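The structure appears below as structure tokens.
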Amino acid sequence: MASVKAKEPEVPRKPRRKVLEIGLIRFGEHAVTCVLRNCSETGAALDVGVKHIIPDHFTLIVVHENKIVSCQVIWRKGARIGVS
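Okay, so the sequence shown: first residue is 1 according to our numbering, each after it adds one.
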């Protein structure tokens, strides 16, 4: 008899709000402009451009809100990254 793998409990996603704001990704002595596309209490999606190599950990400055947050990349798809 084949074993049945237990289904992992689904984690409810936090509601995301769509935004279109300018951000600045800072790592080391480098800074890369990005666009915040959506955000929630736990993360955000950023458009960074395919030519930029963004590290897994960086500081994000949300220009309009004058807010600085530490980010970790969760996923990458083309020019967009998801961070927590």
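By construction, the Cβ of each residue, glycine as well, lies at the ideal position given by its N, Cα and C atoms.
None of these values were measured; they are calculated from a predicted model.
Outcome for residue i when other beta-carbon atoms lying within 10 angstroms are tallied against a minimum of 16
i     : result
ILE54 : buried
LEU20 : exposed
Cβ distance (whole Å) where residue i is taken to contact residue j below 8 Å
i     : j     : result
LEU24 : ILE61 : 4 Å
DSSP three-state assignment for residue i, whether helix, strand or coil
i     : result
SER40 : coil
ALA31 : strand
ASP56 : coil
ARG76 : strand
GLY82 : strand
VAL62 : strand
LYS51 : coil
Residue i - partner residues in DSSP beta bridges
i     : result
GLU21 : LEU36
Residue-level contact to chain B via CB, residue i, 9 Å cutoff
i     : result
PRO15 : The structure shown contains no chain B; it holds only a single protein chain.
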